[in-house]
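Right, dumping it as structure tokens:
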């Protein structure tokens, strides 16, 4: 995309220089006098096009930066450990060590560390990190 813009603005600029030099050669004037207009000059179009593309790139980079920061903040909200059932007790382990079939304990008010099926009990779960919904959702077996 940027090569097309560079070619287009470059051609407009070079064409304008050619017409400006031709105007000077034919009339002997450096500027149009007595209301005379220099024909086929497109310097402002080339300049404005480059300015708009640069502005668009700046706004895109700013939006990407804001989005990246928001995602990093959401990732920081995720729990780092899970309480897994080992025998008759629950042990804290890292999230990446949870395996399929493990039974986890999630107490009221805690964040759910991994996706799963509710095996026993019922509660309200805050799903705002997944859905954006600010109101907790009732869950049961």
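Residue numbers (our numbering): 56 to 196. Note that the Cβ used here is the ideal one computed from N, Cα and C, for glycine as well.
Exercise. Spatial neighbours of residue 97 within its chain, please: CB distance less than 6 Å, with the 5 preceding and 5 following residues excluded, ordered by chain position.
Key: Position 42 of the chain shown, counted from the first residue, corresponds to residue 97. Counting only residues of its own chain and dropping the five nearest sequence neighbours on each side, residue 97 has a CB closer than 6 Å to the CB of 67, 71.
Quiz item: Are the Cβ atoms of residue 174 and residue 194 separated by less than 8 Å?
Solution: What you label residue 174 is simply residue 119 of the chain shown in a count that begins at 1. What you label residue 194 is simply residue 139 of the chain shown in a count that begins at 1. No.
Quiz item: If you follow the alpha helix (DSSP H) that residue 108 is part of, which residue opens it and which one closes it?
Solution: As a working note, residue 108 is residue 53 in the chain shown. Where residue 108 is concerned, the enclosing alpha helix (DSSP H) stretches over 98–132.
Exercise. Rank 152, 156, 160, 155 by C-alpha distance to the C-alpha of residue 145 and give the top, closest one.
Key: Your numbering for residue 145 matches position 90 in the chain shown. Minimum Cα distance to residue 145 is reached at 160.
Quiz item: Taking one C-beta from the stretch 148–155 and one from the stretch 109–122 each time, how about it: are there three or more such pairs within less than 8 Å?
Solution: Not touching, per the Cβ criterion.
Quiz prompt | Sequence-distant residues of the same chain with beta carbon closer than 6 Å to residue 78, five excluded per side | solution = Your numbering for residue 78 matches position 23 in the chain shown. These residues qualify, in order along the chain: 93.
Practice problem: Ignore the nearest five residues each way along the sequence and tell me which others in residue 126's own chain have a CB closer than 6 Å to its CB. | Solution: Counted from its first residue, the chain shown places residue 126 at position 71. Closer than 6 Å at the Cβ level, and outside the excluded window around residue 126, lies no residue.
Practice problem: Could you tell me which residues DSSP puts in a beta bridge with residue 159? | Solution: In the chain shown, the residue the question calls residue 159 occupies position 104. Paired residue(s): 139.
Quiz prompt | DSSP state of residue 181 mapped onto helix, strand, coil | solution = Here residue 181 corresponds to residue number 126 of the chain shown, with the count starting at 1. Residue 181: coil per DSSP, three-state reduction.
Self-check item: Inter-residue spacing [alpha-carbon to alpha-carbon] between residue 91 and residue 80
Solution: Numbered from 1 along the chain shown, position 36 holds the residue referred to as residue 91. Numbered from 1 along the chain shown, position 25 holds the residue referred to as residue 80. A straight-line Cα-Cα distance of about 15 Å links residue 91 and residue 80.
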